[in-house]
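All letters in the sequence shown, in the order written, are residues 1 to 621 by the UniProt record's numbering. Each residue gets a CB set at the ideal place from its N, CA and C atoms; glycine is no exception. All of these numbers come straight from a predicted model, not from anything done at the bench.
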Amino acid sequence: MPFHGEESNEITPLIRYSEDTLPKNDEVSGAIQRLLLLVTMRLPKFAIVERDDLEDAVVTDAFADIAKKACHIHQDSLIFVTLKAMERFQIQAQGSPRWSELLETRASICESLAHKFIRLYERERTERFVAAIMQKHDLKFASDQSAIELAVKLHATKFLLEPKVQKVIHDVWNGYLLPHEEKDGRVSFRSNAYIKRVKTEFFDTHKILVPKYQNAIETVVTILFLILYSIVINSRRADVPSVLEWVLYSFVLAYVIDDIRDIYNSGTFHYYSFWAWTNTLTHLVFIGSFCLRIAAMTKTGDTRDMLNNTSIDVLSVVSILLWFRVLSVVCNTWRYFGSYTIIVQSMLSDSLMFFFLLIWVILGFFQAFIALRTEDTASDNDFSEITALLLRGYLMSPDFEKANVFHDIIGEPLFYAYIFLVSVVLQSFLTSVFSDSFSRISEDAKAQYLANFAYRVIVAVDTRHSLPPPFNLADLLLLRLPSLCMSKQFYDKFRYYVLSVIFFLPLLIVSFHEKVLLRLDNARSDDSLSDDEGTMNEEQDFMTTDDDEVRDLKAVVGEPDLDKIQKLAEKTVQKSKEDETTSISPNEILHADIKRVVRMLDMIDQRLGRLEANTAQDVAK
């Protein structure tokens, strides 16, 4: 929604979209299909190419030109098409284990093409590049996605690490570029003249939409929420919720509404981050505690006390998840700490398989101990006792006497087998998973952090219309509902004054920061950006599935260029076969080196002989 004074704070859109710059769904799908076929022809089966050598061996400038011609689509959609083709190859790799390495290499070729296509904007106005990677494309049977969003989803770090891409991401984060909706629903980005030249009034509510400032507000609110939670959880337990407890649940309601809004705007992409899952789990625990609290108000006596105590107990457990929330919000935007939070996130994600196996093993032994019971040893507490026995065994506090209670012969050996399985086998598996995850992520921590940072920027752009919690409740009650009975002009003024009151202190701090501390940065130009800165068939390949597609590609690219691609592919396959046939053992390499050394010594000896002969002749003369 527009803010009061918007026209004075923003210049014209960086690029407006027309029918020429917005290809239809069929055109985009056709371009993706042709690129898939071209890449498949360039890297056929049995071709072996190291991914580090793709730029030199496969994705040459000539191949990039042919790929651009094959796509036969507007330049601003080229990057999206290549990343979409990368996604298709990755999906095929997941469904075809035999050809997964080949398909992953083809996906890397598509990523390298996207990286090369960035150079198409070196002589263009940089604003066009903003549109090319930030504009969402509406594909049939798929949710709207932009190229940058697709790159984050596919973890295309090579593309995301490109300085030009990072410049766009940071300009959106800092508010140098602001999203603006066109009449047709498309989103363009406008340069924020305020931050560049400080041309506007001291208070400007549009700065609330800047992701950097939204993150700062979210950080402060999260810390205040944790303090409020600590006060409530450590206060005397009353029969009815106190005022602070109602305030706490109001915060939770605001967070739940914010989560629902994020899911609606971003779809499943919202759960790309591990912390989104922990936040959802935290909200579910709060909702459970609130329901128990409300249920207790309808009861009397011991039942009421039991429900109240259970509610507070459930609320006490959520503190573990809340501290994780503070970690994800406060530290995630700092590069040093953000890299380590990503490592922790990756280690926890990779350990899910371990916990699945652990639960599966516990269920198996649980059933075994249940079956070992006899009529003499069975009791009503067996389920809880067996569960406690198995959990203590995993936590290195085994009770072998308790195992004998269930069966005096098999009980103890069975418990020994359980201890060995969970403490030796599964624990070693967990250690190796953590070690592999840490080494893999720490080596590429910068790329991982930048990918996560890009995700945060995308989420901020997708949720630009709503205020951060708990201010979204005020937005809903004080602004959205009254807007139904107000004219647009009056509503703009009303919204401006309401937001100025609600965010008086943050706006004061932000304005002071930009007026005083950023005044030295006003030498930058008005331009916000600087130019300096599916399953695969195992018997046939993708290119042989439909001859019509080959003919269509030939019609678009041209037969000479297509023949050139096929010849390059044949050379790649031939070189791969030669590398396999000419591979020699380390001993053979050693013998060859020794022979070369011997030959060199013979040559030196011959030269020394000739030198001595020449010297003798000179002396004789």
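If the criterion is Cβ atoms closer than 8 Å, does the pair T298 and R325 meet it? Locating residue 298 in the sequence shown gives position 298, where the first residue counts as 1. Locating residue 325 in the sequence shown gives position 325, where the first residue counts as 1. No, Cβ-Cβ distance for T298 and R325 is not below 8 Å.
Does the structure place the stretch 82-91 close enough to the stretch 142-154 that three or more beta carbon pairs sit under 8 Å? yes
Excluding the 5 residues preceding and the 5 following I565 in the sequence, name in chain order all residues of the same chain whose CB lies nearer than 6 Å to its CB. For the purposes of this step, residue 565 is taken as residue 565 along the sequence shown, with counting starting at 1. Here the set comprises M41, R42.
Where Q214 falls: helix, strand or coil (DSSP): The sequence position of residue 214 within the sequence shown is 214, counting from 1. Helix.
On the three-pair Cβ rule with 8 Å, is the stretch 427-443 touching the stretch 234-248? no
Short of 6 Å in beta carbon distance, which residues of its chain neighbour R610, apart from the five on each side in sequence? Order them along the chain. Taking the sequence shown and counting its residues from 1, the one referred to as residue 610 is at position 610. Nothing meets the Cβ criterion.
When the distance is taken between beta carbons, is A93 closer than 8 Å to L103? As a first step, residue 103 is located in the sequence shown; it is residue number 103 there, counting from the start. As a first step, residue 93 is located in the sequence shown; it is residue number 93 there, counting from the start. Against a cut-off of 8 Å, the Cβ pair of A93 and L103 comes out as a contact.
What would DSSP say about S146, mapped onto helix, strand or coil? Your numbering for residue 146 matches position 146 in the sequence shown. It is a strand residue.
Give the straight-line distance between the Cα atoms of N178 and Y418, rounded to the nearest whole angstrom. Position 178 of the sequence shown, counted from the start, is the residue given in the question as residue 178. Position 418 of the sequence shown, counted from the start, is the residue given in the question as residue 418. Inspection of the sequence shows that residue 178 is occupied by Leu rather than by Asn. Distance between the alpha carbons of L178 and Y418 is about 59 Å.
For F129 and residue 625, believed in contact at Cβ under 8 Å, the rounded distance: Since the first residue shown for the chain is 1 and the last is 621, residue 625 is missing from the structure and cannot be characterised.
For P469 versus F251, is the C-beta distance shorter than 8 Å? In the sequence shown, counting from the first residue as 1, residue 469 sits at position 469. In the sequence shown, counting from the first residue as 1, residue 251 sits at position 251. Yes, these two residues count as a Cβ contact at 8 Å.
Where does A109 land, buried or exposed, given buried means 16+ other C-beta within 10 angstroms? Numbered from 1 along the sequence shown, position 109 holds the residue referred to as residue 109. Here the sequence assigns Ile to residue 109, which means Ala is not the residue at that position. It counts as buried.
Suppose you measure from the CA of F504 to the CA of I133; what does that come to, to the nearest Å? Counted from its first residue, the sequence shown places residue 504 at position 504. Counted from its first residue, the sequence shown places residue 133 at position 133. Each residue's alpha carbon lies about 35 Å from the other.
For the structure I just gave you, are there three or more beta carbon pairs, one from the stretch 378-395 and one from the stretch 355-370, closer than 8 Å? yes
Would you mind sorting I513 into buried or exposed? The rule is 16 or more other CB atoms within 10 Å of its CB. Along the sequence shown, one-based indexing puts residue 513 at 513. According to the sequence as given, residue 513 is His; it is not Ile. Exposed, because fewer than 16 other Cβ atoms sit within 10 Å of the Cβ of H513.
Is the Cβ-Cβ distance between L90 and A70 less than 8 Å? Position 90 of the sequence shown, counted from the first residue, corresponds to residue 90. Position 70 of the sequence shown, counted from the first residue, corresponds to residue 70. Residue identity check: residue 90 is Gln in the sequence provided, not Leu. In this structure, A70 does not lie closer than 8 Å to Q90 by Cβ.
I'd like the span of the alpha helix (DSSP H) that includes E412, first residue to last. Numbered from its first residue, the sequence shown carries residue 412 at position 412. Unbroken alpha helix (DSSP H) run through E412: 411-420.
Specify, as a first and last residue, the run of the alpha helix (DSSP H) that N234 falls within. The residue given as residue 234 occupies position 234 in the sequence shown. From DSSP, N234 is part of no alpha helix (DSSP H); its letter is neither H nor E.
Taking its Cβ as the centre, do 16 or more other Cβ atoms sit within 10 Å of G30, making it buried, or is it exposed? Taking the first residue of the sequence shown as position 1, residue 30 is located at position 30. When all chains shown are included, G30 counts as buried.
Does the beta-carbon of D313 have 16 or more other beta-carbons within 10 angstroms, so that it is buried, or is it exposed? If you number the sequence shown from 1, residue 313 lands on position 313. So D313 ends up on the exposed side.
Alpha helix (DSSP H) containing Y271: first to last residue? The count along the sequence shown starts at 1 and reaches residue 271 at position 271. Segment: none, Y271 is in no alpha helix (DSSP H) and carries neither H nor E.
Please report the straight-line C-alpha distance between S511 and P211, rounded to a whole angstrom. Against the sequence shown, residue 511 aligns to sequence position 511. Against the sequence shown, residue 211 aligns to sequence position 211. Cα-Cα distance, rounded: 15 Å.
Using beta-carbon positions only, say whether L348 and F438 come within less than 8 Å of one another. Within the sequence shown, the letter at position 348 stands for residue 348. Within the sequence shown, the letter at position 438 stands for residue 438. No; because the gap between Cβ atoms is not below 8 Å, this pair is not in contact.
Alpha carbon of E287 to alpha carbon of I257, nearest angstrom: Position 287 of the sequence shown, counting from 1, holds the residue named residue 287. Position 257 of the sequence shown, counting from 1, holds the residue named residue 257. Correcting the residue identity first, residue 287 is Ile in this sequence and not Glu. Roughly 13 Å between the two C-alpha positions.
Taking Cβ to Cβ, would you say I32 is nearer than 8 Å to D561? As a position in the sequence shown, residue 32 is number 32, starting the count at 1. As a position in the sequence shown, residue 561 is number 561, starting the count at 1. Going by C-beta atoms, I32 is not nearer than 8 Å to D561.
Starting from F471, trace the alpha helix (DSSP H) in both directions and tell me its first and last residue. Counting from 1 along the sequence shown, the entry for residue 471 is found at position 471. Unbroken alpha helix (DSSP H) run through F471: 471-474.
What does a CB cutoff of less than 7 Å around E55 pick up in its chain, not counting 5 residues either side in sequence? Translated into the one-based positions of the sequence shown, residue 55 becomes position 55. Closer than 7 Å at the Cβ level, and outside the excluded window around E55, lie S112.
Residues sharing a beta bridge with F189, DSSP: As a working mapping, residue 189 is identified with position 189 in the sequence shown. P179.
Per-residue burial, R98 [other beta carbons within 10 Å of its own, 16 or more giving buried]: Mapped onto the sequence shown, residue 98 falls at position 98. So R98 ends up on the exposed side.
With a cut-off of 8 Å on the beta carbons, I'd call L292 and S311 a contact; round off their distance for me. Translated into positions along the sequence shown, residue 292 becomes position 292. Translated into positions along the sequence shown, residue 311 becomes position 311. Indeed they touch by this definition, with Cβ atoms about 4 Å apart.
Between N404 and the rest of its own chain, which residues show a CB-CB distance below 8 Å, the 5 nearest in sequence each way excluded? Your numbering for residue 404 matches position 404 in the sequence shown. The residues are G411, E412.
Taking buried to mean at least 16 other C-beta atoms within 10 Å of its own C-beta, is R495 buried or exposed? Here residue 495 corresponds to residue number 495 of the sequence shown, with the count starting at 1. R495 comes out buried.
Count the other CB atoms within 10 Å of the CB of N234; is the residue buried (16 or more) or exposed (fewer)? For this step, residue 234 is matched to residue 234 along the sequence shown. Exposed.
Name, in chain order, the residues that DSSP records as bridge partners for K564. Stepping through the sequence shown from its first residue, residue 564 is reached at position 564. Per DSSP, none; premise fails for K564.
Per DSSP, K136 forms a beta bridge with which residues? Within the sequence shown, the letter at position 136 stands for residue 136. S146, per the DSSP bridge assignment.
Do D462 and N265 have their beta-carbon atoms positioned less than 8 Å apart in this structure? Along the sequence shown, read from residue 1 onward, the residue named residue 265 stands at position 265. Along the sequence shown, read from residue 1 onward, the residue named residue 462 stands at position 462. It is a contact, given that the beta carbons lie within the stated cut-off.
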